[in-house]
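Respectively, the protein sequence lines represent chains A and B.
Numbering (this note's numbering) for the first sequence: 1 to 718.
Numbering (this note's numbering) for the second sequence: 719 to 793.
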Amino acid sequence: MMKKKITVALAGNPNSGKTTIFNELTGSNQKIANYPGVTVEKKEGVFDFQGYTVSLVDLPGTYSLTANSIDEIIARDFLIEEKPDIVINVIDSSNLERSLYLTMQLMQLKVPLVLAFNMYDAALKLGVSINRELISELLGIVSVFTVATKKSGIIELMEKSILLYEGKLGNRNVTVNYGVDIEKELNLLETIINRDSRLSGKYPAKWLAVKIIEQDGQILKKIQDSPVYQEIKKQQSESIKKLKSIYADDVFVLMSDRRYGFISGACSEAVKITKEDRHTISDVIDKVLIHRFFGIPIFLLSMWLIFRLTFSLSQPLINLIHSGLNILGSVIGSFMADGSLIRSFIVDGIIGGVGGVLSLVPVIMLLFFAIAVLEYSGYMARIAFIMDRLMHKIGLHGRSFIPMLLGFGCNVPGIMAARSIEDYNDRMVTILINPFMSCGARLPVYAIFIGAFFPEKMAGNVLFSIYLVGIIVAVVVAKIFRAYVFKGETESFVMELPPYRIPTIKLVVMHMWEKVYSYLNKAGTIIFIGCVFIWFLSNYPANVNYSKDYGGLIKKAEETGSRSKVEELQAEKAKESLEKSYAGTMGKKISPLLRPLGIYDWKVSVSLIGGFVAKEIIIGTLATLYSVGNPSEIHMSLQESLKQSRFPDGSRMYAPLNAYSLMIFVLLYVPCIASIAVIKRETNSWFWPIFTAVYTTSIAWIVAFSVFQIGRFLGFGI
Amino acid sequence: MRTLGTVDKGKNVKIVRIGAGTGLLGKLNSMGIYVGDRIKVINNAGGPVIISRDNMRLAIGRGMSQQIYVAEEEE
Numbered sequence: 001m002m003k004k005k006i007t008v009a010l011a012g013n014p015n016s017g018k019t020t021i022f023n024e025l026t027g028s029n030q031k032i033a034n035y036p037g038v039t040v041e042k043k044e045g046v047f048d049f050q051g052y053t054v055s056l057v058d059l060p061g062t063y064s065l066t067a068n069s070i071d072e073i074i075a076r077d078f079l080i081e082e083k084p085d086i087v088i089n090v091i092d093s094s095n096l097e098r099s100l101y102l103t104m105q106l107m108q109l110k111v112p113l114v115l116a117f118n119m120y121d122a123a124l125k126l127g128v129s130i131n132r133e134l135i136s137e138l139l140g141i142v143s144v145f146t147v148a149t150k151k152s153g154i155i156e157l158m159e160k161s162i163l164l165y166e167g168k169l170g171n172r173n174v175t176v177n178y179g180v181d182i183e184k185e186l187n188l189l190e191t192i193i194n195r196d197s198r199l200s201g202k203y204p205a206k207w208l209a210v211k212i213i214e215q216d217g218q219i220l221k222k223i224q225d226s227p228v229y230q231e232i233k234k235q236q237s238e239s240i241k242k243l244k245s246i247y248a249d250d251v252f253v254l255m256s257d258r259r260y261g262f263i264s265g266a267c268s269e270a271v272k273i274t275k276e277d278r279h280t281i282s283d284v285i286d287k288v289l290i291h292r293f294f295g296i297p298i299f300l301l302s303m304w305l306i307f308r309l310t311f312s313l314s315q316p317l318i319n320l321i322h323s324g325l326n327i328l329g330s331v332i333g334s335f336m337a338d339g340s341l342i343r344s345f346i347v348d349g350i351i352g353g354v355g356g357v358l359s360l361v362p363v364i365m366l367l368f369f370a371i372a373v374l375e376y377s378g379y380m381a382r383i384a385f386i387m388d389r390l391m392h393k394i395g396l397h398g399r400s401f402i403p404m405l406l407g408f409g410c411n412v413p414g415i416m417a418a419r420s421i422e423d424y425n426d427r428m429v430t431i432l433i434n435p436f437m438s439c440g441a442r443l444p445v446y447a448i449f450i451g452a453f454f455p456e457k458m459a460g461n462v463l464f465s466i467y468l469v470g471i472i473v474a475v476v477v478a479k480i481f482r483a484y485v486f487k488g489e490t491e492s493f494v495m496e497l498p499p500y501r502i503p504t505i506k507l508v509v510m511h512m513w514e515k516v517y518s519y520l521n522k523a524g525t526i527i528f529i530g531c532v533f534i535w536f537l538s539n540y541p542a543n544v545n546y547s548k549d550y551g552g553l554i555k556k557a558e559e560t561g562s563r564s565k566v567e568e569l570q571a572e573k574a575k576e577s578l579e580k581s582y583a584g585t586m587g588k589k590i591s592p593l594l595r596p597l598g599i600y601d602w603k604v605s606v607s608l609i610g611g612f613v614a615k616e617i618i619i620g621t622l623a624t625l626y627s628v629g630n631p632s633e634i635h636m637s638l639q640e641s642l643k644q645s646r647f648p649d650g651s652r653m654y655a656p657l658n659a660y661s662l663m664i665f666v667l668l669y670v671p672c673i674a675s676i677a678v679i680k681r682e683t684n685s686w687f688w689p690i691f692t693a694v695y696t697t698s699i700a701w702i703v704a705f706s707v708f709q710i711g712r713f714l715g716f717g718i
Numbered sequence: 719m720r721t722l723g724t725v726d727k728g729k730n731v732k733i734v735r736i737g738a739g740t741g742l743l744g745k746l747n748s749m750g751i752y753v754g755d756r757i758k759v760i761n762n763a764g765g766p767v768i769i770s771r772d773n774m775r776l777a778i779g780r781g782m783s784q785q786i787y788v789a790e791e792e793e
């Protein structure tokens with residue numbers, strides 16, 4: 001028999017432990033997609049429970065279901081449009097009163113609701129004890145205590161959800177009473193709404209009436225096709241006028257009061273608070289971490305440590321992957337004819353290129369591990385707080401810092417995270433400067449060049465300075481944008497500082513794995529295509545007009561038995577073939593433009609073209625180009641090849657300064673195609689992504705030029 | 719009437735009015751802050767103001783803190 005499918009949605013505040021419950025229920029059986037038309041992640045997991053196949057959807061964490069942010073709109077739309085069979089509202093038990101605001105909105109939406117009073121152990125420690133039966137009774141909703149981190153209550157939660165679904169448990173419909181005057185106006189609106197059955201079938205009439213009084217633009221837009229829309233509009237203005245004549249501007253305050261009365265009424269009966277002045281451990285930690293003088297240095301130090309650790313821990317892993325790939329390459333290569341195109345395609349195109357991409361996984365893993373720890377420990381919110389004053393100086397606020405910080409992992413989620421910034425100007429500036437935050441994909445480029453041209457003890461500092469250059473450029477650019485393009489007041493914000501928690505390993509690892517997975521996903525498609533494309537560019541046209549008759553010369557050399565002469569000629573031939581390929585031609589055309597920056601290697605110019613597809617490709621391309629240009633059986637590591645790059649006269653192509661200038665250029669120039677695509681989506685126009693591509697590349701040229709020319713003048717690193 | 723932005727660290731205050739508009743009011747409500755609430759100022763050093771209410775710690779941006787009117791509570 002086919003199992004019956006039901007959809008269960010998880011709703012709750014940020015930091016309520018929603019994700020932990022989601023992970024507990026679905027295990028590793030999760031898939032991440034985007035909500036249609038937007039870039040907000042939709043996490044879905046499937047599992048079997050008591051003869052049902054449950055599809056669990058993790059809604060974005062929100063404090064309410066108004067139209068304050070895209071997350072709230074998405075959560076709300078999902079509940080209204082998809083009508084999940086069960087909605088589990090995850091509640092932070094130690095913040096019951098606050099959490100119930102969302103619960104109340106869910107109740108008004110008349111969704112089939114189950115409350116999970118989560119983190120109940122933590123609440124008890126804080127002296128909060130909840131009479132669950134009583135609160136269930138008062139609100140008329142089924143509820144369960146859970147401690148998701150200890151797997152407790154999870155089964156019961158699902159059992160009750162199923163019972164509710166099967167109708168063996170029931171919820172009462174309790175609604176807020178807004179008082180005679182407001183209720184009267186709501187009733188008038190409800191009467192009109194009920195005349196359009198399509199409207200009343202989709203939205204609970206009272207909920208819709210409240211939204212209309214509150215002038216929720218997003219909802220009004222959705223119902224404008226209704227035949228009763230004009231009547232609704234007319235009634236809306238009449239009702240608002242009437243209520244304002246009674247209460248002046250305090251209508252909304254009054255409605256707020258009524259809701260609060262409802263919540264606090266329930267809480268005062270069912271919640272006992274035995275200890276006063278709680279939260280103290282977090283407060284003590286905060287005394288140090290958000291200290292007005294120590295806060296920022298501690299933050300910078302921890303970031304520096306994260307980068308140091310990422311760099312040093314990932315290097316051995318990268319080496320391991322490299323040698324593994326080399327072995328794989330030579331084993332596969334040995335089955336195929338020397339010099340054949342198919343061998344070159346497999347060994348150089350696929351293993352050399354995509355394999356090069358695979359070797360970045362350790363870096364991405366470690367960086368996202370650290371970011372997950374920052375996020376789940378509660379420190380991320382403090383970062384927004386301590387950076388707020390500083391961010392104000394560049395015309396942004398603390399919340400813009402989180403997207404920027406995420407940009408260090410990958411600009412794509414960084415740009416996406418800017419969605420939570422409500423103010424248009426703030427959001428735009430945050431998006432446009434995000435590409436200057438050096439993402440994880442650029443890190444391997446630095447790793448290769450720093451490893452090749454800087455002594456090991458300097459490596460961490462050089463790396464840190466590159467990140468710092470990105471930040472400085474971002475700050476300057478943000479200031480300029482704020483002053484001339486996106487003018488206006490800096491929006492203010494309210495942000496929760498959740499208590500510090502030790503994040504569970506599972507949560508951190510899941511988060512990290514999600515990121516690695518989405519990176520690999522990208523690598524599997526875009527980067528693979530990019531690498532094959534670059535391989536094509538560097539191997540075609542296949543019949544080049546050689547300057548010498550290599551075939552004849554090689555044959556002659558073979559006859560004389562001079563093995564070294566043969567190899568020399570083969571190398572020369574391969575090099576010429578590459579130079580005359582599409583890639584070589586293109587690279588050489590761009591190369592003069594980069595010479596003033598100290599970037600003399602046309603192979604680098606070719607890689608930079610590939611870097612537009614994805615930054616990961618830069619190293620992949622370089623590896624491909626160098627292995628293609630060097631047919632020697634020994635697969636020299638890229639670093640060695642770079643170190644040995646020389647001009648025809650034998651002088652070195654790279655000094656540390658050249659490498660540094662190159663890294664600065666890579667840091668700042670055109671963002672990858674994925675970032676461009678996200679900027680397009682987030683700004684909803686083609687102008688901004690194209691503008692970003694042009695302006696970042698211009699800045700990259702100017703900064704790298706200055707670094708190289710000034711450095712050369714002062715005699716640094718040459 | 720004084721605003722939250724002017725309250726010193728460590729002081730207990732009662733919220734008497736929240737500046738006009740459904741946006742700000744709804745947002746504060748959703749985060750558990752209402753007119754009539756008693757809150758404590760934990761940190762007020764130029765940037766956002768940190769307040770506590772029960773187990774919550776909220777950072778309220780400077781601009782917003784100037785739209786929240788409070789009355790000081792007796793110790």
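Glycine included, each C-beta is placed from N, C-alpha and C at the ideal position.
Proximity winner among the options, relative to residue i (alpha-carbon distances)
{"i": "A:S93", "options": "A:A677, A:C267, A:S302, A:Y52", "result": "A:C267"}
{"i": "B:G764", "options": "B:I751, B:R771, B:R780, B:G737", "result": "B:R780"}
{"i": "A:V606", "options": "A:F536, A:N543, A:D649, A:S547", "result": "A:F536"}
{"i": "A:E41", "options": "A:D48, A:N68, A:A75", "result": "A:A75"}
{"i": "A:L657", "options": "A:P503, A:I534, A:F454, A:G179", "result": "A:F454"}
{"i": "A:A9", "options": "A:F299, A:T19, A:A337, A:K3", "result": "A:T19"}
{"i": "A:S641", "options": "A:A542, A:G470, A:F486, A:I448", "result": "A:I448"}
{"i": "A:S675", "options": "A:G650, A:W701, A:I431", "result": "A:I431"}
{"i": "A:M512", "options": "A:S28, A:Q50, A:K5, A:M2", "result": "A:S28"}
{"i": "A:D181", "options": "A:V228, A:R258, A:L138", "result": "A:R258"}
{"i": "A:L638", "options": "A:I318, A:V508, A:V253, A:F345", "result": "A:I318"}
Alpha-carbon spacing of residue i relative to residue j, whole angstroms
{"i": "A:I718", "j": "A:E616", "result": "28 Å"}
{"i": "A:Y540", "j": "A:S577", "result": "9 Å"}
{"i": "A:S645", "j": "A:K603", "result": "10 Å"}
{"i": "A:A11", "j": "A:T146", "result": "15 Å"}
{"i": "B:D772", "j": "A:N95", "result": "8 Å"}
{"i": "A:G17", "j": "A:V477", "result": "38 Å"}
{"i": "A:I273", "j": "A:K160", "result": "27 Å"}
{"i": "A:L721", "j": "A:I690", "result": "Any answer about residue 721 of chain A is impossible in this case: the structure gives chain A only from 1 up to 718."}
{"i": "B:V788", "j": "B:M749", "result": "18 Å"}
{"i": "A:G719", "j": "A:G349", "result": "Since the first residue shown for chain A is 1 and the last is 718, residue 719 of chain A is missing from the structure and cannot be characterised."}
{"i": "A:K43", "j": "A:L169", "result": "28 Å"}
{"i": "A:M437", "j": "A:V46", "result": "36 Å"}
{"i": "A:Q218", "j": "A:S64", "result": "15 Å"}
{"i": "A:T310", "j": "A:F78", "result": "39 Å"}
Reduced DSSP secondary structure (H/G/I, E/B, other) of residue i
{"i": "A:Y517", "result": "helix"}
{"i": "B:M749", "result": "coil"}
{"i": "A:R172", "result": "coil"}
{"i": "A:G12", "result": "strand"}
{"i": "B:R775", "result": "strand"}
{"i": "A:I290", "result": "coil"}
{"i": "A:V210", "result": "helix"}
{"i": "A:S152", "result": "strand"}
{"i": "A:F436", "result": "helix"}
{"i": "A:F687", "result": "helix"}
Those residues which DSSP pairs with residue i across a bridge
{"i": "A:R646", "result": "A:R652"}
{"i": "A:T53", "result": "A:K5, A:D48"}
{"i": "B:A789", "result": "B:K732"}
{"i": "A:M495", "result": "B:A777"}
{"i": "B:I769", "result": "B:V759, B:L776"}
{"i": "B:R720", "result": "B:V788"}
- Message: My parser needs the beta strand (DSSP E) runs of 3 or more residues fully inside the segment 62-132 of chain A; what are they?
- Response: 86-92, 113-118, 128-130
- Name the residues in the segment 724-747 of chain B whose C-beta lies less than 9 Å from a C-beta of chain E; which are they? Although the question refers to chain E, the structure presented lacks it and instead comprises the protein chains A and B.
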